[in-house]
Amino acid sequence: MSVKKLLVLMGVVLLLGANAFARDAGNNTLLDMLQSKGLLTAEELQTIRNADSSGLNSGSNTRDIVVEILHKKGVLSDQEVAQIRRNAGVPPNAPGEVPSPALTNKDTGKELVGSLDNGFCLKTRDETAEFHLKGLLQADYKAYDYDLEPVGIGTDPGTDKFDIRRARLITTGKLSPFFNFRLSYEFQGAGSRRLLDAYVDARIHDAFSLRLGQFKEPFGLEALSSDSNLFFTERSMGFDLNPNRDVGVMAFGDFYSGAVYYRAGLFNGDGLDDASGGNVDEPEVCARIGLSPFAFTEIPLIEGIHLGASGSYIRTDLNNVRLGVSTAGGTEFFSVSSHAKFNIIRNCDTRIRHGADAAWTYGPVALFGEYIQAQYNDIKTSALTFDAEMTDIYGAAAWMITGEPIRISRGMFQPIIPEKSLGEGGFGALGIAFRYDTFDAGDKVYDTLVYMGDSVREVESMTLGLNWYLNQYARLSLEATRTSFDKPLLIYRDSATGTSLYSDKEDTIISRFQLGF
């Protein structure tokens, strides 16, 4: 009989005769010998001793664990295990019975630790898996003022209102070091498409990972930054020229700790998953590259410079020749659909979008801006063939008066965290922001696609905003925007009387309470 077998049989005899097996000094010595011979690992030895110290029935628990471990290792045969159980008065396992995790020694789960970290978070102690539950609520009050024409008829457009701008529930997580996921759902708006994000990331390497599902196409600094991290209540007018969320696959990665990054993907090209598609099977190609060329110079004045470029291309059709551009107050001033002016669009060859952005941050100060253009080529009606170009350019500045730093990482604005939150020895953080924004639809678009009054060709707007960050979760904003149109825009039409009111400007005041966690 081998030494290992002899040790095993000695251990089994002791198991059958003592309830306080592991607490006995001699039996502890035997356990150590089994470990030294390679029959027990350190983890298995600790499991046995933990079971013995558990109190009631600890002896039988210890016996079962040791027998099961040695059985799984092939040291004890099925017949020997059955004989040991019979001698101990333990009935054999019922058919189909699954041993408990403690007996099988299988790691079926890991202990979770809860915290408030990037939302409500549950994670394993080794942080190989985690789950975050987050939310975003934005409640607005909007007030409008117009120079209405014709004057003196005493009609109020009735546009002032309270509004739930966004109400989102977001879940993100990590299933292993290699797989991340995100799901976000928008509750605001009845009867609308509300699933926003639904994707999985395969984290292969810092320089190359994959994303599959529905998510934002990689285009633009402002568009890719989170709604909760912007300095203005609404994005620029050029946001409506960008691609937004779509279904597809994207490769992404970064180098030098994010100083250089890229994003490139293939998408359906028609928006959210349940959008009506066109008749072209070719996917939309969209890509973005960005860099912070002076990130490691340790020269504070220039290390916050960020540059980015984006582009997309698709062979499209008449179903995708649709575009609506709105003011900060949500008033649509430019609209194109497949029902063109005088004619119906018969076909369209390609849609090309490109953009460039630049930003400079220096402590609590930021300057940033973007150029965005959407171009439709070879639009065909029954009488004409032409190209259409729409362009937007904006420049903006932000200053955190209380000194909190403004940061851009991998082409996205990061949250502002107050140095001293309200009620915790301070009053939060205070910041101001200003933006100048221009839109131009071009001569051909205005002459061939849109109706005068329903759409305008040139628009400029100026926005001044004040933000009070009560803490890292709550924020109050007050913002004033003046938008000027090159020609009077239809603001209100009374269906009963046929009265139509036009204005060449829109003044908007937006106050917002935001809660994001």
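Using our numbering, read the sequence shown as starting at 45 and increasing by one per residue. Yeah, the Cβ is synthetic: ideal placement off N, Cα and C, and Gly gets one too.
In the DSSP output, what is residue i paired with across the bridge?
{"i": "V291", "result": "Q258"}
{"i": "R359", "result": "T394"}
{"i": "F299", "result": "V304"}
{"i": "H350", "result": "A403"}
{"i": "T507", "result": "R479, T525"}
{"i": "M456", "result": "S453"}
{"i": "D484", "result": "T435, E502"}
{"i": "S280", "result": "DSSP lists no partner for S280."}
{"i": "F164", "result": "L160, L177"}
{"i": "G470", "result": "L466"}
{"i": "S253", "result": "F296"}
Along the chain, where does the beta strand (DSSP E) that runs through residue i open and close?
{"i": "A442", "result": "429 to 444"}
{"i": "T552", "result": "544 to 560"}
{"i": "E463", "result": "Run containing E463: none; DSSP gives neither H nor E here."}
{"i": "Q417", "result": "409 to 424"}
{"i": "G334", "result": "328 to 335"}
{"i": "I389", "result": "That residue, I389, is in no beta strand (DSSP E); it is neither H nor E in DSSP."}
{"i": "P532", "result": "518 to 537"}
{"i": "D498", "result": "From DSSP, D498 is part of no beta strand (DSSP E); its letter is neither H nor E."}
{"i": "E376", "result": "376 to 380"}
{"i": "L160", "result": "156 to 160"}
{"i": "L84", "result": "Taken as a continuous stretch (DSSP letters only), L84 belongs to no beta strand (DSSP E), as it is neither H nor E."}
{"i": "G368", "result": "367 to 370"}
Could you please give the first and the last residue of the uninterrupted alpha helix (DSSP H) stretch that includes residue i?
{"i": "K488", "result": "487 to 492"}
{"i": "L265", "result": "265 to 268"}
With a threshold of 8 Å between beta carbons, is residue i in contact with chain C?
{"i": "Y229", "result": "Absent from the structure is chain C; it holds one protein chain and no more."}
Sorted by chain position, which residues of the same chain lie with C-beta nearer than 8 Å to residue i's C-beta, five sequence neighbours on each side aside?
{"i": "D298", "result": "D250, A251, V304, Y305, Y306, R454"}
{"i": "S370", "result": "M281, D284, E376, F377"}
{"i": "L147", "result": "Confidence at L147 is low in this model, with a pLDDT of 43, below 50, so the placement of that residue is unreliable and no value is reported for it."}
{"i": "R210", "result": "L180, L181, Q182, E230, Q232, D271"}
{"i": "R289", "result": "L240, D241, Q258, F259, K260, E261, G315, L316"}
{"i": "Y300", "result": "A339, F340"}
Leaving aside the five residues before and after residue i along the sequence, list all residues of the same chain whose C-beta is less than 6 Å from its C-beta, in chain order.
{"i": "Q419", "result": "I396, E433"}
{"i": "D481", "result": "S280, M281, Y438, S505"}
{"i": "T435", "result": "Q417, D484"}
{"i": "S121", "result": "none"}
{"i": "K154", "result": "T168"}
{"i": "R255", "result": "Y243, D245, M294"}
{"i": "S228", "result": "R212, I214, L240, D241"}
{"i": "S354", "result": "F263, G264, R332, G399"}
{"i": "I349", "result": "F338, W404"}
{"i": "T216", "result": "H176, R226"}
{"i": "L411", "result": "W404, A441"}
Can you name, in chain order, every residue of its own chain whose Cβ lies under 7 Å from the Cβ of residue i, other than the five neighbours on each side?
{"i": "G163", "result": "H176, L177, K178, F561"}
{"i": "E448", "result": "P408, I460, I461, P462, E463, A473"}
{"i": "D498", "result": "S379, L534"}
{"i": "K205", "result": "K186"}
{"i": "V365", "result": "V380, S382, I389, C392, Y420, I423"}
{"i": "E124", "result": "none"}
{"i": "L559", "result": "L181, Y517, A518"}
Are the CB atoms of residue i and residue j nearer to each other than 8 Å?
{"i": "A308", "j": "A339", "result": "no"}
{"i": "I476", "j": "I445", "result": "yes"}
{"i": "E502", "j": "T527", "result": "no"}
{"i": "Y243", "j": "G257", "result": "yes"}
{"i": "A372", "j": "T203", "result": "no"}
{"i": "I358", "j": "T394", "result": "yes"}
{"i": "Y185", "j": "P201", "result": "no"}
{"i": "L351", "j": "Y406", "result": "no"}
{"i": "P337", "j": "L310", "result": "no"}
{"i": "I113", "j": "E88", "result": "yes"}
{"i": "P532", "j": "S544", "result": "no"}
{"i": "F276", "j": "E523", "result": "yes"}
{"i": "V500", "j": "F471", "result": "no"}
{"i": "A440", "j": "R479", "result": "yes"}
{"i": "E414", "j": "E266", "result": "yes"}
{"i": "L274", "j": "F557", "result": "no"}
At a threshold of 7 Å, does residue i count as lining the ligand COA (C-beta to nearest heavy atom)?
{"i": "P449", "result": "Although the ligand COA was asked about, the structure shown includes no ligands whatsoever."}
request  = Counting only runs of 3+ residues fully inside the region 168 to 248, write out the beta strand (DSSP E) ranges in chain order.
outcome  = Listed in chain order, they are 174 to 190, 205 to 220, 223 to 230.
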